[in-house]
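A.B. asks: Before we start, here is the structure in question, set down as structure tokens.
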Amino acid sequence: MAGEMILILMFVAMVAGFIDAIAGGGGLITLPALLLSGLSPVQALATNKLQSSAGSFSATFAFFRKGLISWKHSKWVFFMALSGGVIGALLATRLPATFLQVVVPILLLCVATYFVFSPNLDAKEKCAKISRTLFLLTFVPLIGFYDGIFGPGTGSFFMVAFVLMLGSSLVNAIAETKLANFASNIGSFAIFAFSGEMQVLLGVLMAVGAFIGAQLGARFAVKYGGRVIRPLLIIMSIAMAIKLLLEPTNPLSQWVMNLF
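To convert, note that position 2 of the sequence shown is 2 in our numbering; the numbers rise steadily by one, no gaps.
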């Protein structure tokens, strides 16, 4: 891969790390960028996990330092998200490449649709709709599973779940989301690391950018909240999905062209 492309991807990872620390969804930028750089779907998923693990660790560490995450209170969030990420990644490494080529852009469009219609969140605490135990046994591993098999939008899904299901304040939801997202990231990363598909050097360089961006984003999130990035995520995910669907090598694109 050319040096110019690597520098571009490092910058993309830094922007994504900043966005992910605020509202989640950084993978909506990095995963399509990796696919457009020429990597196969599995290579892109694997490499994306390496760089996103660094970004999520950076943001989680920043929230720990600010006292917004208590390990005693949140440890089961970590372990349940970790298990979901492992199972999702195991499935992803066994899916055929053509299947992922078709499904990835469709999932991007689904995530964009979700962001368009998802509820606006405010900073106030609300009443919990389910118990924390039930939340840990259902929402956390399921979203972690999604992160392992695909990923983009995971942080946003976690954040909305914490606010709507547990009644968490926005800042506390963002903090616990970072821990959950980090756990599902390293769970799936551990599986992808042994798949032979990960582009390690590229992933490490992007991880540097993601780490820096996440540190800046975590500070911004505490001060301003998580709603300012949503329109950008919607636009980016739709644009990237359309670009991927229009690729001549995409089986879905070939199928549509054969119809005409």
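Where a beta carbon is used, it is the ideal one built from N, C-alpha and C, also for glycine.
Every value quoted in this text rests on a predicted model; they were computed, and no experiment measured them.
Quick check: G203 and Q43, are their CB atoms within less than 8 Å of each other?
C.D. replies: Position 203 of the sequence shown, counting from 1, holds the residue named residue 203. Position 43 of the sequence shown, counting from 1, holds the residue named residue 43. For G203 and Q43, no; Cβs fall outside 8 Å.
A.B. asks: Nearest to L170 by alpha carbon, out of L7, A16, A13 and A21?
C.D. replies: The residue you call residue 170 lines up with position 170 of the sequence shown. Among L7, A16, A13 and A21, the Cα nearest to that of L170 is on A21.
A.B. asks: Report the rounded CA-to-CA distance for M261 versus G209, giving the unit in angstroms.
C.D. replies: With the chain covering only 1 through 260, there is no way to say anything about residue 261.
A.B. asks: Taking the straight line between their C-alpha atoms, what separation do you get for I8 and L142?
C.D. replies: Sequence index remark: in the sequence shown, residue 8 carries index 8 (1-based). Sequence index remark: in the sequence shown, residue 142 carries index 142 (1-based). Near 33 Å, if we compare the C-alpha coordinates of L142 and I8.
A.B. asks: If you run the structure through DSSP and keep just helix, strand and coil, what is P105?
C.D. replies: As a first step, residue 105 is located in the sequence shown; it is residue number 105 there, counting from the start. P105 falls in the helix class under three-state DSSP.
A.B. asks: If you measure between the beta carbons of M165 and A128, is that distance less than 8 Å?
C.D. replies: On the sequence shown, position 165 is the one that residue 165 refers to. On the sequence shown, position 128 is the one that residue 128 refers to. Contact flag set, yes.
A.B. asks: Might you give, ordered along the chain, the residues of its own chain that have their beta carbon closer than 6 Å to the beta carbon of G144, omitting 5 neighbours on each side?
C.D. replies: Start at 1 with the first residue of the sequence shown, and residue 144 comes out as number 144. The residues are A81, G84, G85 and S184.
A.B. asks: Do V104 and A180 have their C-beta atoms closer together than 8 Å?
C.D. replies: Walking along the sequence shown from the start, residue 104 turns up at place 104. Walking along the sequence shown from the start, residue 180 turns up at place 180. Their beta carbons are not under 8 Å apart, which means V104 does not touch A180 by this criterion.
A.B. asks: Return the CA-CA distance between F11 and L137, expressed in angstroms with no decimal places.
C.D. replies: For the purposes of this step, residue 11 is taken as the residue at position 11 of the sequence shown. For the purposes of this step, residue 137 is taken as the residue at position 137 of the sequence shown. Each residue's alpha carbon lies about 37 Å from the other.
A.B. asks: Under three-state DSSP, which class holds I149?
C.D. replies: Within the sequence shown, residue 149 is the residue found at index 149, counting from 1. In this structure, I149 counts as helix in the three-state DSSP scheme.
A.B. asks: Along the chain, where does the alpha helix (DSSP H) containing L90 start, and where does it finish?
C.D. replies: Indexing the sequence shown from 1 puts residue 90 at position 90. Taken as a continuous stretch (DSSP letters only), the alpha helix (DSSP H) holding L90 covers W71 to A92.
A.B. asks: Since T154 is in the alpha helix (DSSP H), which residue starts that stretch and which ends it?
C.D. replies: As a working mapping, residue 154 is identified with position 154 in the sequence shown. Looking at the DSSP string, the run of the alpha helix (DSSP H) that includes T154 is T154 to L166.
A.B. asks: Residues in the same chain with beta-carbon distance under 8 Å from A207, minus the five sequence neighbours each way, listed in chain order, please.
C.D. replies: Taking the first residue of the sequence shown as 1, we reach residue 207 at position 207. Closer than 8 Å at the Cβ level, and outside the excluded window around A207, lie A13, L50, Q51, S53, A54 and G55.
A.B. asks: Output the boundary residues of the alpha helix (DSSP H) element that contains I191.
C.D. replies: Within the sequence shown, numbered from 1, the residue matching residue 191 stands at position 191. That run of the alpha helix (DSSP H) goes L170 to F192.
A.B. asks: What residue from A16, G3 and F150 has the CA that sits closest to Q215's CA?
C.D. replies: Locating residue 215 in the sequence shown gives position 215, counting from the first residue. Nearest option by C-alpha distance: A16.
A.B. asks: I need the DSSP call for K129, collapsed to helix, strand or coil.
C.D. replies: Residue numbering aside, residue 129 sits at position 129 when the sequence shown is read from its first letter. Reduced to three states, the DSSP call for K129 is coil.
A.B. asks: By the DSSP assignment, the alpha helix (DSSP H) with L45 in it spans what residues?
C.D. replies: Locating residue 45 in the sequence shown gives position 45, where the first residue counts as 1. P41 to R65 is the span of the alpha helix (DSSP H), which, as asked, contains L45.
A.B. asks: Candidates F18, S37, G27 and T30: which alpha carbon is nearest A2's?
C.D. replies: Within the sequence shown, residue 2 is the residue found at index 2, counting from 1. Checking every option, the nearest Cα to that of A2 belongs to S37.
A.B. asks: Flag this pair as yes or no: are the beta carbons of T93 and S168 separated by less than 8 Å?
C.D. replies: Here residue 93 corresponds to residue number 93 of the sequence shown, with the count starting at 1. Here residue 168 corresponds to residue number 168 of the sequence shown, with the count starting at 1. Result no, Cβ atoms of T93 and S168 do not sit closer than 8 Å.
A.B. asks: Quick one: what's got a C-beta closer than 7 Å to S188's C-beta in the same chain, skipping five residues either side?
C.D. replies: In the sequence shown, counting from the first residue as 1, residue 188 sits at position 188. Only K49, G85, V86, G88, A89, D147 and G148 meet the Cβ criterion.
A.B. asks: To the nearest angstrom, report how far apart M198 and L45 are at their CA atoms.
C.D. replies: Taking the sequence shown and counting its residues from 1, one reaches residue 198 at position 198. Taking the sequence shown and counting its residues from 1, one reaches residue 45 at position 45. The straight-line gap from Cα to Cα measures roughly 8 Å.
A.B. asks: Taking the CB atoms as reference points, tell me whether T177 and F162 lie closer together than 8 Å.
C.D. replies: For the purposes of this step, residue 177 is taken as the residue at position 177 of the sequence shown. For the purposes of this step, residue 162 is taken as the residue at position 162 of the sequence shown. Yes, the pair counts as a contact, with Cβ atoms nearer than the cut-off.
A.B. asks: Taking buried to mean at least 16 other C-beta atoms within 10 Å of its own C-beta, is G155 buried or exposed?
C.D. replies: Position 155 of the sequence shown, counted from the first residue, corresponds to residue 155. So G155 ends up on the buried side.
A.B. asks: Straight-line CA distance for P251 to F211?
C.D. replies: Counting from 1 along the sequence shown, the entry for residue 251 is found at position 251. Counting from 1 along the sequence shown, the entry for residue 211 is found at position 211. For P251 and F211, the distance between alpha carbons rounds to 35 Å.
A.B. asks: Among residues of its own chain, excluding the 5 on either side of V116, which ones have a beta-carbon nearer than 8 Å to its beta-carbon?
C.D. replies: Residue numbering aside, residue 116 sits at position 116 when the sequence shown is read from its first letter. Here the set comprises I234.
A.B. asks: By Cβ distance, which residues of its chain are closer than 6 Å to L68, with the 5 residues on each side in sequence left out?
C.D. replies: Mapped onto the sequence shown, residue 68 falls at position 68. These residues qualify, in order along the chain: A175.
A.B. asks: Applying the 10 Å Cβ sphere with the 16-neighbour rule, what's the burial state of F99?
C.D. replies: Looking up residue 99 in the sequence shown gives position 99. Exposed, since its Cβ has fewer than 16 Cβ neighbours within 10 Å.
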